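Working notes, beginning with the structure itself.
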Amino acid sequence: MPLAGLWVVAAVLAMTAGAPAHAADLDAGRHKAEPCKTCHGPDGNATTPGIPSLAGQPAIFTHWQLIKFRDGRRKDPQMSAFAASLSDADMADLAAYYAAQPSRPRPSPTDPEKVAIGGRLAEQHHCASCHRPGLVGHEQVPRLVGQDLTYLVKLLRGFKAQTAGDLDGTMSMAVERLSEADIENLAHYIADLSGRSARP
Ligand code: HEC
Ligand code: HEC
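When the letters of the sequence shown are read in order and numbered with my numbering, they come out as residues 756 to 955.
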């Protein structure tokens with residue numbers, strides 16, 4: 756089970772990302788997020804399909820993704836250039852800023868049949884054991900609720916094809932046995948969960 760590896764990664768991260776003298780500065784992060792707004796939205800809630808929202812993501816998760824984009828372990832034609840010149844302090848500030856922004860649901864039409872099947876799959880594959888009940892994420896595990904449907908499908912396909920550059924192979928293992936239909940159904944379930952959590 757990759758869980759042991761996950762905690763080793765978390766421990767190493769706590770040492771490398773947390774230890775230096777720099778304390779994350781939220782206001783500095785807001786300022787440094789200016790160039791990110793065009794794609795990720797003014798407060799980290801993106802509206803373009805396929806572009807992830809960053810609002811409400813655990814700081815450690817965001818920091819790690821930026822490190823991976825900077826060192827090329829994760830690649831994207833739109834995103835990579837924006838991480839290339841970020842310092843570790845920039846990443847810590849940006850991650851703290853986005854973690855403090857409230858996440859809003861991404862409007863997407865969901866198919867009730869796919870939502871129901873996806874809910875059963877999420878239980879069967881224990882997605883919440885890492886992503887937490889309500890799929891709100893914690894530490895290096897991302898928040899899924901509030902994320903864009905198109906992006907969720909893209910990343911799940913990416914993990915399966917082993918092109919999404921996940922940290923320690925945890926997600927590649929988690930999706931190994933998922934079919935294309937399973938991926939679609941799970942994404943609909945997660946997108947629907949976002950909508951429901953926003954309803955009064
Ligand atoms: C030109 C559009 C664009 C700009 C500007 C941009 N990004 Fe991105 N970003 C993307 C796209 C597209 C992805 C998804 C990449 C993928 O599919 O793997 C992404 C992914 C990310 C992720 C990973 C999120 C996740 O849930 O996995 C983080 C973190 C991120 N961007 C932070 C930033 C920050 C910080 C800035 C500003 C310094 C920025 N981005 C600027 C387009 C952009
Ligand atoms: C053993 C722990 C674990 C399990 C089980 C797990 N995940 Fe993950 N998941 C992670 C971690 C850690 C990441 C971050 C990977 C990375 O990019 O380094 C992640 C990333 C993701 C992402 C990318 C989100 C983003 O914003 O980039 C999606 C989508 C996702 N998981 C969906 C699922 C679904 C659906 C299931 C159940 C089928 C699942 N996960 C099961 C640990 C887990």
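From the three backbone atoms N, C-alpha and C, an ideal C-beta is built for every residue, glycine too.
Here the structure is a predicted model, which means the values were calculated and not measured.
Look at the alpha carbon of Leu911 and the alpha carbon of Ala783, and state the distance between them as a whole number of angstroms. 33 Å
Select from Pro888, Asp903, Asn940 and Cys794 the residue whose C-alpha is nearest the C-alpha of Lys869. Asn940
Using only the heavy atoms of ligand 2, determine whether one of them is closer than 6 Å to the beta carbon of Cys885. yes
Who are the Cβ neighbours of Gly811 in its own chain at under 6 Å, not counting the five residues just before and after it? Ser858 and Arg898
Going straight from the alpha carbon of Ala769 to that of Ala844, what length do you get? Residue placement at Ala769 is poorly supported in this model, since its pLDDT is 49, which falls under 50; the coordinates are not used for a value here.
Is the closest heavy atom of ligand 1 to the C-beta of Gln820 under 6 Å? yes
Entirely within the stretch 801 to 830 and at least 4 residues each: give me those alpha helix (DSSP H) ranges in chain order. 814 to 826
Identify the continuous alpha helix (DSSP H) that holds Met846 and give its terminal residues. Asp843 to Ala854
Which of helix, strand or coil DSSP assigns to Ala774: Note that Ala774 scores 45 on pLDDT, short of 50, meaning its location in the model is unreliable and no value can be drawn from it.
Coil, strand or helix - Val900 by DSSP: coil
Helix, strand or coil: how does DSSP classify His880 here? coil
Over what stretch of residues does the alpha helix (DSSP H) that includes Asp782 continue unbroken? Leu781 to Lys787
Beta-carbon separation of Val891 and Phe914 under 7 Å? no
How many Å lie between Pro867 and Gly873 at the Cα? 10 Å
Going by alpha carbons, who is nearest to Leu876 out of Asn800, Pro807 and Arg932? Arg932
Starting from the C-beta of Ala788, find all residues in its chain whose C-beta is less than 7 Å away, skip the five residues before and the five after it, and write them out in chain order. Leu849 and Tyr852
I want to check one thing, is the minimum distance from the CB of His881 to the heavy atoms of ligand 2 below 6 Å? yes
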